[in-house]
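Protein chains in written order, with my numbering: chain A, 11 to 140; chain B, 11 to 140. Glycine is no exception: its CB is placed at the ideal position from the N, C-alpha and C atoms.
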DNA sequence: CTTGACCTTCCAGTGAATGGAATCCTTATG
DNA sequence: CATAAGGATTCCATTCACTGGAAGGTCAAG
């Protein structure tokens, strides 16, 4: 499979796929014409990467997860541990976003949002940092 | 006030403050020795920037907000619109993370987490690919 | 044979800082 | 007055995870 098909199937831009090869996350084969030739395993990894990345896992997190995925002698406990760590990261991220959301939505509610210049959003933001 | 004092008062690193000057968000005066000399208005803007950035506003959002802040004839509706857009971004991100959290915590529960290599977490992630 | 879609590499730029080197200024102490 | 500390300056490079674009090679259809 060529990079265009893989891009369509995984939803990742071809640029990004080449970048992932650059940094060693995948190693597609090459056809005689120099085109990258992707196996099913490359496709799986790329889909995995797309999912994990879109959820805020860093590239290095992904690298660790892929290593576990490819290590057939690892214990499921190892995977579970990493998954749990990632769960905690997700929870922390959600909490952080939720806090932002609460503050901001409170401000938005207070703002009358009309033609007048007076706006609680800005006056609150202008308060000295605490 | 010198940059060190401003950094302590606003909680922003001096590097970041210089960067904000670089990109034209603030324009502190200069003392005869070449040191930046910050007015109260610079301090306010920097505190504003720190808070707005921590709420997920982009630098360009901040630039727009500062312009609005300094424009005493602007309508609060303009500010509210920007804040609302940002709220929506935050909400989308939370929903996405929540979905991942649900999936992952379900998988973690299913994984026996022992010495055996068989692990539902990875096998599920692999098939979820696509 | 040409067109156009697809592929390649390489170099540069993004956002939002951050790190580090080299140098300059200020202040306190011996 | 010398010196050492701590703080300030500039400039250049690096980070992360891509993204854009140029210049060119490959392939299938008409």
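| task | Measuring alpha carbon to alpha carbon, tell me which of B/97, B/94 and B/12 ends up nearest residue 43 of chain B. | result | B/12
| request: Whole angstroms is fine: what's the gap from residue 38 of chain A's alpha carbon to residue 46 of chain A's? | output: 6 Å
| At what residues does the alpha helix (DSSP H) containing residue 108 of chain A begin and finish? | 86-120
| query | Taking 7 Å as the CB-CB cut-off, is residue 116 of chain B touching chain A? | reply | no
| Can you list the residues of chain A that residue 74 of chain B reaches, using a CB-CB cut of under 8 Å? | Residues of chain A passing the Cβ test: none, with the nearest at roughly 11 Å.
| message | Just to make sure I have the definition right: I need the residues of chain A whose C-beta is within less than 8 Å of the C-beta of residue 96 of chain B. Which are they? | response | 114
| field | Secondary structure of residue 18 of chain A, DSSP reduced to three states | value | helix
| field | Collapsed DSSP secondary structure at residue 61 of chain A in the structure displayed | value | helix
| query | Can residue 48 of chain A and residue 16 of chain A be called in contact, C-beta distance under 7 Å? | reply | yes
| said: Measuring only the C-alpha atoms, how far is residue 97 of chain B from residue 20 of chain A? | reply: 29 Å
| message | Is residue 60 of chain A near the ligand GDP - that is, is its Cβ less than 6 Å away from at least one heavy atom of it? | response | Looking at this structure, you won't find the ligand GDP or any other ligand, since it has none at all.
| task | Return the Cβ separation of residue 90 of chain A and residue 121 of chain B in integer angstroms, given the expectation that the two are a contact with Cβ distance under 8 Å. | result | 5 Å
| query | By Cβ distance, which residues of its chain are closer than 6 Å to residue 141 of chain B, with the 5 residues on each side in sequence left out? | reply | The structure shown has nothing for residue 141 of chain B, since chain B only spans 11 to 140.
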